[in-house]
Amino acid sequence: MTYAYFNGQFVPLDQAKVSIQNNTFQYGTGIFEGIRAYWNLEERQLYLFRMVEHYVRLLRNCRVLKLNIGKDEKELSEITLELLKRNHPETDTYIRPIAYVDSEGIGPKFIGYSAGFAMYTLPLGDYIDVSRGIKVGFSSWRRINDNSIPARCKVTGGYVNSALAKTEALEHGYDEAIFLTEKGFISEGSAENIFLIRGGKLITPALSEDILEGITRETVIELAREELGIETIERPIGRTELYVADEAFLCGTGAQVSPMIEVDKRPLGTGRIGPITSKIQALYFDVVKGKQKKYAHWLTPVY
Numbered sequence: 003m004t005y006a007y008f009n010g011q012f013v014p015l016d017q018a019k020v021s022i023q024n025n026t027f028q029y030g031t032g033i034f035e036g037i038r039a040y041w042n043l044e045e046r047q048l049y050l051f052r053m054v055e056h057y058v059r060l061l062r063n064c065r066v067l068k069l070n071i072g073k074d075e076k077e078l079s080e081i082t083l084e085l086l087k088r089n090h091p092e093t094d095t096y097i098r099p100i101a102y103v104d105s106e107g108i109g110p111k112f113i114g115y116s117a118g119f120a121m122y123t124l125p126l127g128d129y130i131d132v133s134r135g136i137k138v139g140f141s142s143w144r145r146i147n148d149n150s151i152p153a154r155c156k157v158t159g160g161y162v163n164s165a166l167a168k169t170e171a172l173e174h175g176y177d178e179a180i181f182l183t184e185k186g187f188i189s190e191g192s193a194e195n196i197f198l199i200r201g202g203k204l205i206t207p208a209l210s211e212d213i214l215e216g217i218t219r220e221t222v223i224e225l226a227r228e229e230l231g232i233e234t235i236e237r238p239i240g241r242t243e244l245y246v247a248d249e250a251f252l253c254g255t256g257a258q259v260s261p262m263i264e265v266d267k268r269p270l271g272t273g274r275i276g277p278i279t280s281k282i283q284a285l286y287f288d289v290v291k292g293k294q295k296k297y298a299h300w301l302t303p304v305y
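For what it's worth, the numbering used here labels the leading residue of the sequence shown as 3, then goes sequentially.
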C-alpha cells in the first residue's frame, strides 16, 4: 500500500505527514471512518462494503464537530476508488479516512481553524479471530457519555476510552471488553456493537445507550429480519442479562461478526458458538464477499 491521499492529492505514503504542532495530534479533534473491501478470489474482484453509507455517516458526524472538508460522499467515494486502484491490493483491505483540524494553533476548539482530510489503506484480515468464540469481560471503565464525547461520532480523541477498556481486558486474559453506561446498562464493546440472543430473538442496546450508530449493526438487523425471519429488539440491557443469554456476538467493520462464548469467566450459553450466531456470521460473509447477489447494491467493485 504505497500511496495515500493527503492535502488534496495522491502522494507516496511516507510523505503523508502532519506536524507535531497539528491540533488534532494534540487534542484528538478528528472524525474517522473504517471501511472494508473484500477480495473475491473467484471473480478476482475487490468489493467495498457499504462505502457510501460510511461517507454519509462521516459527513454527518463532521457536522457535530463543525468540520467542513469541502467534499460530498460522491467525491469521497471517487477518491477511495482511485486510491485503491493505485495501491491495487488483491487481499481483504481496510480503508481509513480521517477528517481533522489541520491547523497548528494551540487550543482545543472547532472554530477559527481549517479542516483537512486524509486517507490510507492497509491489508487487514480478522481484527478479532472470528473462527473461534471470544472471551469478554465487563470493563471497570464506563462508556463515554453523549454529553461529553459522543460515541456515535467516531471522534479520534474518544478512543482513549476504548484503549483503556481494551488494555484492561487483555491484561485480564480476555479478548475484548464490554462497556457499561453511566446508568449501568450494557453499551458496546471497545470498538464493536453487541447483540444478545434470547428466545430466538436478537436484543441490542438502543442508539441512546452511548453506542456507535454502526453500519454493521444495521446490516445485521436487516439480514436477520429479511433472510432468517429473526426480530431485533432495541432496548436497555442489564449486565447479568448477558450472563444468562443463549448466545451473543460483537459486530463491526473491524470485528465483522465475532461470537462470544464466555463473559466474566462464565460460559455464555453452551460455551460454544451458537447456531443463530453461526447463521448470521455465514450470511454476513457471503454478502460482503459478493456471494449474495440480492445485496449487490451494498457492494462497490474496485477493478
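Cβ coordinates follow ideal geometry from the N, Cα and C atoms, glycine included.
Compare the beta carbon distance of residue i and residue j with 8 Å and say whether it is the shorter of the two.
i    : j    : result
A179 : V138 : yes
L182 : S189 : yes
K203 : I235 : yes
G135 : R46  : no
I33  : L67  : yes
G159 : G30  : yes
T82  : M3   : no
E249 : I213 : no
L86  : L48  : yes
L225 : V289 : yes
A18  : L69  : no
With a 10 Å radius around its C-beta and 16 neighbouring C-beta atoms as the bar for buried, classify residue i as buried or exposed.
i    : result
G175 : exposed
Y305 : exposed
D16  : exposed
T26  : buried
K156 : buried
N221 : For the record, residue 221 in the displayed sequence is Thr; it is not Asn. Counting Cβ neighbours within 10 Å, T221 comes out buried, since at least 16 surround it.
S133 : exposed
I93  : It is worth fixing the name first, because residue 93 is Thr in this sequence and not Ile. Exposed, by the Cβ-count rule.
I71  : buried
G231 : exposed
D104 : buried
T1   : Because the chain in this structure spans residues 3 to 305, residue 1 falls outside the shown range and cannot be described.
L177 : Note on residue identity: the sequence assigns Asp, not Leu, to residue 177. Buried is the call here.
Can you tell me whether DSSP reads residue i as helix, strand or coil?
i    : result
P125 : strand
P277 : helix
E106 : coil
R52  : coil
E190 : strand
I213 : coil
S150 : coil
L252 : strand
F112 : coil
Just to check my reading of the structure: residue i and residue j have Cβ atoms closer than 8 Å, yes? What is that Cβ distance to the nearest angstrom?
i    : j    : result
N195 : L252 : 7 Å
F12  : R98  : At roughly 15 Å, the Cβ-Cβ gap does not stay under 8 Å, so F12 and R98 are not in contact.
F51  : L301 : 6 Å
F140 : R241 : 6 Å
R65  : I217 : Rounded, the Cβ-Cβ distance is 18 Å, inconsistent with contact.
E75  : N24  : The pair is not a contact, with the Cβ atoms about 25 Å apart (cut-off 8 Å).
E35  : H56  : 5 Å
E229 : L285 : 6 Å
I239 : F287 : About 26 Å separates the two Cβ atoms, so there is no contact after all.
E184 : S142 : With 8 Å as the limit, E184 and S142 do not qualify as a contact, their Cβ atoms being about 13 Å apart.
Does the beta carbon of residue i come closer than 8 Å to any beta carbon on chain D?
i    : result
T234 : No chain D is present in this structure, which holds just one protein chain.
Between the region 143 to 151 and the region 111 to 120, do at least 3 Cβ pairs fall closer than 8 Å?
no
Measuring CB atoms only, is the region 256 to 264 touching the region 201 to 208, in the sense that at least three cross pairs come out at less than 8 Å?
No, the region 256 to 264 is not in contact with the region 201 to 208.
Quick check: the region 154 to 164 against the region 291 to 301, are at least 3 beta-carbon pairs closer than 8 Å?
no
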